[in-house]
Amino acid sequence: MSETWIIIGGWFAAGLTIFMFSFLYKDNPFFKIAEHLYLGAGMGWLFQVSLYDVWIPQVWDPIMQGKLLVIVPALLGLSLVAQFFPKISWVSRYGFTFVMGYGAGLAIPAVLSTDFMSQVAGTIEPIFKIGGTFNTVSAWTSAFNAFFIFFGLICVLFYFFFSVEHKGMVKKASTVGIYFLMLYFGAVFGNTVMGRFSLLYGRFDDLYFYSSSKYFYASQIIALALVIYFIIEHFTSKKRKIQQEAK
Amino acid sequence: MKFFKRNLPLVLVFIVGMVTLASYYVPHRASQEVYLDTMNKWVNIIAAFAFLLGLLSLFYSHYHKIKKKADGWGYSLFVYIGFLAMIIPAIVSEGQQLDGPNLTSLGWAFRFIYNTLAATMFSVLAFYIVSTAFRSFRIKSMQAFVLFLAAMVLIMGRVPLGDLLWSKILGWTGMSLADLVEWIMHVPAVAARRGIMIGIAIGAAVISLKIIFGIERQYMGKD
Chain A
75 MSETWIIIGG WFAAGLTIFM FSFLYKDNPF FKIAEHLYLG AGMGWLFQVS
125 LYDVWIPQVW DPIMQGKLLV IVPALLGLSL VAQFFPKISW VSRYGFTFVM
175 GYGAGLAIPA VLSTDFMSQV AGTIEPIFKI GGTFNTVSAW TSAFNAFFIF
225 FGLICVLFYF FFSVEHKGMV KKASTVGIYF LMLYFGAVFG NTVMGRFSLL
275 YGRFDDLYFY SSSKYFYASQ IIALALVIYF IIEHFTSKKR KIQQEAK
Chain B
875 MKFFKRNLPL VLVFIVGMVT LASYYVPHRA SQEVYLDTMN KWVNIIAAFA
925 FLLGLLSLFY SHYHKIKKKA DGWGYSLFVY IGFLAMIIPA IVSEGQQLDG
975 PNLTSLGWAF RFIYNTLAAT MFSVLAFYIV STAFRSFRIK SMQAFVLFLA
1025 AMVLIMGRVP LGDLLWSKIL GWTGMSLADL VEWIMHVPAV AARRGIMIGI
1075 AIGAAVISLK IIFGIERQYM GKD
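Going line by line, the protein sequences match chains A and B. With our numbering applied, the first sequence corresponds to residues 75 to 321, in that order. With our numbering applied, the second sequence corresponds to residues 875 to 1097, in that order.
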């Protein structure tokens, strides 16, 4: 890529970023253009990934080499497109059922192993490892943490346990479980916020980068043009409103 | 015809589901490597075609919008423009983003168009997430206070200002804010996450069994 293309790219990136951010002021045509471009570009990206990672190396090339077994998944995949034709839409069931069957068969041992057994073991194991002399702070801390996790997990499970009415001790345990859940949700929320903000810093950093003389002040010029558009749009829409009210 | 429309797909889901389930417990090379590897490749191929279904559906709906000149039909054109802006460079550069140290046309389109749009779209959510937080963090109960406190500790723990304030106010405790964040993430949050994961695991296993045995068949649609 020549330097000119990189500068043009900088203008594109600065423009699209500012168009997206313009929605924070209000909905406008520039945001809508960027939004629809994103949708199309996202689809285009996934299409090329499918083309160069799946269709060519995993379907086309094997068929050309005489490995005809890949025709089976290709046909099952193509059967999904039958959804567009009401008369033969039932054909798409073969593709769906194959994926559902495989997913279901794979999910049972996987979730039972990683999400169930491993979690139960991970909770119980540290408790059994507690032992020896408690002559260090870290030994006491580990023991406390192990019991705290165990206690918290039992309380959370009580909250999700609907086979008995939540009253008495069950209600108390489930209430404590809610506090654990709130702590977790709060922590996840905090992490998500910070993740989004790090993306935001990245965008600001890019805008700053494209505001340099090397990029012919792309960020400033586009931002200024958008501000001028909003000012003009504000007055013209106001004028239009007055004319409509007068009618 | 009913056999091909309804029964055969159910037989297929049962056989594929049971064989896949059994393959996990059969410690033979044929089941662990050959079967699962082949099936993974097959599912990847089917998923790629499933994407095609979504793509055609999207194109179809925007084509109709343009054809009927519905409200905002002009924007629909940009869906196709965005698509072509990725596909043409991809074909030209044969799916490669880099040619040695230089960007290919696909790499250019990815960096300056797709990546820019995706990152900005998600970063805009930062503003909405904060405004949502402002509304949802109204401390009306003790539980809401715990939610707020955990979120604030996590947020403050990730910025230098938080460390600075902590060391000024609570530095005497000998514990840093990073320690507290780590404790929240590794102890109470783990307890709650495990509870949720165990619940999800049981639910997923039950639903999977229902799918294999044909009790749950909503995914097949109507006749």
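Quick reminder that beta carbons are idealized off the backbone N, C-alpha and C, glycines included.
- Across the stretch 109 to 138 of chain A, CB contacts with chain B closer than 9 Å involve E109, H110, L111, Y112, L113, G114, A115, G116, M117, G118, W119, L120, F121, Q122, V123, S124, L125, Y126, D127, V128, W129, I130, Q132, V133, in sequence order along the chain.
- For B:P1034, the closest Cβ of chain A is not nearer than 9 Å.
- Put simply, the CB of A:Q157 is near chain B, with a gap under 9 Å to one of its CB atoms.
- The stretch 142 to 157 of chain A and the stretch 916 to 931 of chain B touch, with no fewer than 3 CB-CB distances between them shorter than 8 Å.
- Of the residues B:F888, B:H1060, B:D1053, the one whose Cα lies closest to the Cα of A:F170 is B:F888.
- The DSSP-derived three-state label of A:D135 is helix.
- Following the DSSP letters along the chain, one finds A:S248 inside the alpha helix (DSSP H) bounded by residues 243 to 283.
- Residues of chain A with a Cβ closer than 8 Å to the Cβ of B:A1079 are, in chain order, A181, I182, V185, L186, F190.
- By the Cβ criterion, the stretch 1078 to 1093 of chain B is not in contact with the stretch 213 to 223 of chain A, since fewer than three pairs of Cβ atoms, one from each stretch, lie closer than 8 Å.
- Here B:L1044 carries a coil assignment [DSSP, helix/strand/coil].
- For A:W85, the uninterrupted alpha helix (DSSP H) run begins and ends at 77 to 95, by DSSP.
- In the displayed model, B:N881 falls within a helix according to three-state DSSP.
- Between the beta-carbon of A:N219 and that of B:V1061 there is about 5 Å, and that keeps the pair under the 8 Å contact cut.
- Residue nearest to B:L910 within the set B:A922, B:I919, B:N918, B:S897 is B:S897 (criterion: CA-CA distance).
- Taking a Cβ-Cβ cut-off of 8 Å, the neighbours of B:R1067 in chain A comprise Y258, given in sequence order.
- Not one beta carbon of chain A lies nearer than 9 Å to the beta carbon of B:R1009.
- In the structure shown, B:N976 falls within a strand segment according to DSSP collapsed to helix, strand and coil.
- For B:A944, no CB of chain A lies under 9 Å from its own CB, so it is not counted at the interface with that chain.
- Note that the C-beta distance between A:G116 and B:L1028 is not below 9 Å.
- At a cut-off of 9 Å between beta carbons, B:F1022 contacts chain A.
- Take A:A108, set aside five residues on each side of it, and the residues of its chain with a beta-carbon closer than 6 Å to its own are L90, F93, M94, in chain order.
- Neighbours of B:F877 in chain A, taken as residues at a C-beta separation under 8 Å, are lacking, since the least C-beta distance is about 12 Å.
- Only residues of its own chain outside the window of five on either side were considered, and among them V133, P136 have a CB closer than 6 Å to the CB of A:V144, listed in chain order.
- Not flagged as an interface residue toward chain A: B:I1013, since no C-beta distance is shorter than 9 Å.
- Within the model, the alpha-carbon separation for B:V893 versus A:V173 is close to 13 Å.
- If you check each beta-carbon in the stretch 1045 to 1073 of chain B against every beta-carbon of chain A, the ones closer than 7 Å belong to I1058, M1059, V1061, P1062, A1063, V1064, A1065, A1066, R1067, R1068, G1069, M1071, I1072, G1073.
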